[in-house]
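**Student:** Take a look at the following structure, please.
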Amino acid sequence: MITPRFSCSQTAESVIISIYCPSVRASEVEVNVDGNLFSLHINPYFLRLNFTHGLIEDDASSAQYDPSTGYLTVTLTKEIKGQEFRDLDLLAKLLAPRPTVHEPLIEVISSESTAEDPDNLVAQTQNLSLQEREIEEAAKNDWQLFQEVPPAEQPTLRVSAQYGFLDMYTGYFTNVTYTENEVNELGPEAEALTRLQRRQRRIKHEDEKWDEEYYMADFAEAEFIQELILWTHPHLSDNGTFTYTEKENATMLNLPRKEYILTRHQTYSLYLTLATVLFSYAYDARTTQHDPTSESAWTICSLISAFSALDPPPYHTESVNNSPMLEFSSDHISASFVPSYRRSLAFPLYRSFALAEKCREDVANLLLRGRRTVFRCLMETKDILDHHDVYYVYSKIWLDDLCVWTQACASDDALTRLGGLIKNASITKQSIGWELEQLEGVVEQLQAGGQRELDSDDE
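In this text, residue positions in the sequence shown follow my numbering: the first is 1118, and each later residue adds one.
Shown next as structure tokens:
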């Protein structure tokens, strides 16, 4: 167990405990108050404080976690209002265990298994992990785990990667191994890898996840895929005029108030990233008929390389031109969609090149509808991620700012031009890097030969 850095302050009615626990699952916070004893557990952190006076949990108490700073702020009400809590700055005193009544010690004469120990309990105890031993010992001793004042953070020169919107974020994946983030492909090394290393990791992971037999089975069972392709998105079937709902207006009011000073290259990258986000949104909307499921957050994040591998476009080596009007390169657009296609063929439930083509067409049509429709799609995506206890992190480092930028900075003219180019873009099966045409040819030959259709259980 790790003792987190913390500080305490007070008002006339409350004690405020500020705890630094970055990159944790806020839904797993366990807080307990028993008189003057306060304890908190959130994997991998444990904190127990002994105050000089009593505290209570009531309607005025609260616990708020800010993922952008990594601080959990717990506010507890004083049992006696106006009572002064002294020595809140003496952290070692707060961490010291409260006095306990010592019971007679038991001496272990031998650790060998005997007839009186048929289950070999001694050996089982010795095999416990260090953490299990700590927990077992703490349970016997009123949860008096050993704690020491965490060292102050020293100003050291460290290599820390920047990622997210305009590379403004860092530190969000420090304790990623404890959050069960199945989308993150970089592991704890996400905080140190360069952009080139992230791209190499992404491509390698896509190749490892690619399953030829799965693709062939879905290609053979084209009937259900065809139903998904024929479906029409409701945002594309209306007349293009709408008013935002009360929920959407509330979401807009809660967006951060920011202004961005962008270079030409950053602006160009954001438009291409926006297109890849819309692709994942379109894929999930088609496969769920615009009715998100519990898997929607995973699907959306997995299909966006800027999320799963922190690797946003552009992916083409050609430089961005410096003309007065932002001009999109067809090569850049095609290269930006290749990772989206690859991921849609390697990760989710339905893996079809034709379905990926239809999702790209959806992206083009949504962009041609203009900024209002695009912004609505981003808010729907943000709502899905905000309600997930792990993947909300991608909403913080990408979607919040992308929503603000789209509403305040994106140009309807640029979105329309981008939509037209995406509609006419050509993503070939050869560019995916896998033998799609050969695999489809094998399936067609089997079906033409009168053999039964392949299914997902075929070897």
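C-beta atoms are modelled at their ideal positions from N, C-alpha and C, and glycine is treated no differently.
In terms of DSSP beta bridges, what is residue 1158 paired with?
**Tutor:** The partner list for residue 1158 (beta bridge, DSSP) reads 1147 and 1163.
**Student:** What residue range is occupied by the uninterrupted alpha helix (DSSP H) comprising residue 1457?
**Tutor:** 1447 to 1463
**Student:** To the nearest angstrom, report how far apart residue 1505 and residue 1345 are at their CA atoms.
**Tutor:** Near 25 Å, if we compare the C-alpha coordinates of residue 1345 and residue 1505.
**Student:** What residues in its chain sit with their C-beta under 7 Å from that of residue 1546, if we drop five residues either side in the sequence?
**Tutor:** 1470, 1553 and 1554
**Student:** Straight-line CA distance for residue 1368 to residue 1148?
**Tutor:** Cα-Cα distance, rounded: 29 Å.
**Student:** Determine the direct distance from the alpha carbon of residue 1208 to that of residue 1498, and round the result to whole angstroms.
**Tutor:** 43 Å
**Student:** Could you tell me the distance, in whole angstroms, from the CA atom of residue 1170 to the CA atom of residue 1201?
**Tutor:** If you draw a straight line from the Cα of residue 1170 to the Cα of residue 1201, it comes to about 9 Å.
**Student:** Report the residue ranges of all beta strand (DSSP E) runs contained in full by the segment 1167 to 1203; include only those spanning at least 3 residues, in chain order.
**Tutor:** Listed in chain order, the complete beta strand (DSSP E) runs (minimum 3 residues) inside the segment 1167 to 1203 are 1179 to 1183 and 1188 to 1195.
**Student:** Might you give, ordered along the chain, the residues of its own chain that have their beta carbon closer than 7 Å to the beta carbon of residue 1443, omitting 5 neighbours on each side?
**Tutor:** 1384, 1385 and 1531
**Student:** So, are the CB atoms of residue 1286 and residue 1280 less than 9 Å apart?
**Tutor:** Cβ distance < 9 Å, so residue 1286 and residue 1280 count as in contact.
**Student:** Could you work out which residue in 1166, 1172 and 1378 is closest to residue 1213 when comparing CA atoms only?
**Tutor:** Per the Cα distances, 1166.
**Student:** From what residue to what residue does the beta strand (DSSP E) around residue 1388 run?
**Tutor:** First-last for residue 1388: 1381 to 1405, but that is the alpha helix (DSSP H), not the beta strand (DSSP E).
**Student:** Where in the segment 1271 to 1356 do unbroken runs of the beta strand (DSSP E), each at least 3 residues long, occur, reported from the N-terminal end onward?
**Tutor:** none
**Student:** Quick one: what's residue 1132 bridged to in DSSP?
**Tutor:** DSSP lists 1127 and 1193 as partners of residue 1132.
**Student:** Please report the straight-line C-alpha distance between residue 1318 and residue 1284, rounded to a whole angstrom.
**Tutor:** Rounded to the nearest angstrom, the gap between the Cα atoms of residue 1318 and residue 1284 is 19 Å.
**Student:** Contact defined as beta carbons within less than 8 Å: I believe residue 1366 pairs with residue 1139. What is the distance between those atoms, to the nearest angstrom?
**Tutor:** Not really, about 32 Å apart at Cβ, beyond 8 Å.
**Student:** In its own chain, which residues sit with a C-beta less than 8 Å from the C-beta of residue 1559, not counting the 5 before and 5 after it?
**Tutor:** 1333
**Student:** Rounded to whole angstroms, what is the Cα-Cα separation between residue 1340 and residue 1472?
**Tutor:** About 12 Å.
**Student:** Please name the residue, chosen from 1565, 1460, 1401 and 1398, that lies closest to residue 1550 on a Cα-to-Cα basis.
**Tutor:** Looking at 1565, 1460, 1401 and 1398, the one whose alpha-carbon comes closest to that of residue 1550 is 1460.
**Student:** Short of 8 Å in beta carbon distance, which residues of its chain neighbour residue 1211, apart from the five on each side in sequence? Order them along the chain.
**Tutor:** 1125, 1166, 1167, 1168, 1204 and 1205
**Student:** Is it true that the CB of residue 1419 sits closer than 9 Å to the CB of residue 1393?
**Tutor:** no
**Student:** Nearest to residue 1323 by CA position, among 1425, 1335 and 1311, is which residue?
**Tutor:** 1425
**Student:** Less than 8 Å separating the Cβ of residue 1137 from some heavy atom of the ligand ADP?
**Tutor:** This structure lacks the ligand ADP, and indeed carries no ligand of any kind.
**Student:** Can you tell me whether residue 1231 is helix, strand or coil according to DSSP?
**Tutor:** Because the pLDDT of residue 1231 is 45, which lies under 50, any placement of that residue in the model is unreliable, and the number read from its coordinates should be weighed accordingly. Of the three classes helix, strand and coil, the one that applies to residue 1231 here is coil, per DSSP.
**Student:** Pick helix, strand or coil for residue 1119, following the three-state DSSP scheme.
**Tutor:** Strand at residue 1119.
**Student:** Near residue 1467, what residues of its chain come up, given a Cβ to Cβ distance below 7 Å and the 5 sequence neighbours on each side ignored?
**Tutor:** 1335, 1342, 1345 and 1404
**Student:** Could you tell me the alpha carbon to alpha carbon distance between residue 1490 and residue 1180, rounded to whole angstroms?
**Tutor:** 36 Å
**Student:** Compare the Cα-Cα distances from residue 1128 to each of 1163, 1177, 1432 and 1315 and report the closest residue.
**Tutor:** 1177
**Student:** Tell me, please, whether the CB atom of residue 1316 is closer than 9 Å to any CB atom in chain D?
**Tutor:** The chain labelled as chain D is not found in the depicted structure, where only one protein chain is given.
**Student:** Give the single residue among 1533, 1458, 1521 and 1476 whose Cα lies nearest to the Cα of residue 1486.
**Tutor:** 1533
**Student:** Three-state secondary structure (DSSP) at residue 1508?
**Tutor:** coil
**Student:** Considering only residues of the same chain and omitting the five flanking positions on each side of residue 1372, which have a CB-CB separation below 7 Å?
**Tutor:** 1517, 1520 and 1521
**Student:** Excluding the 5 residues flanking residue 1274 on each side, which residues of the same chain have their C-beta closer than 7 Å to its C-beta?
**Tutor:** Low confidence applies here, because residue 1274 scores a pLDDT of 45, under 50, leaving its location unreliable and the question unanswered by this model.
**Student:** Can you check DSSP and say which residues form a bridge with residue 1137?
**Tutor:** According to DSSP, which records beta bridges pairwise, residue 1137 is partnered with 1122 and 1188.
**Student:** Give the DSSP-derived three-state secondary structure of residue 1495 in the structure shown.
**Tutor:** helix
**Student:** Within this structure, are the beta carbons of residue 1414 and residue 1501 separated by less than 9 Å?
**Tutor:** yes
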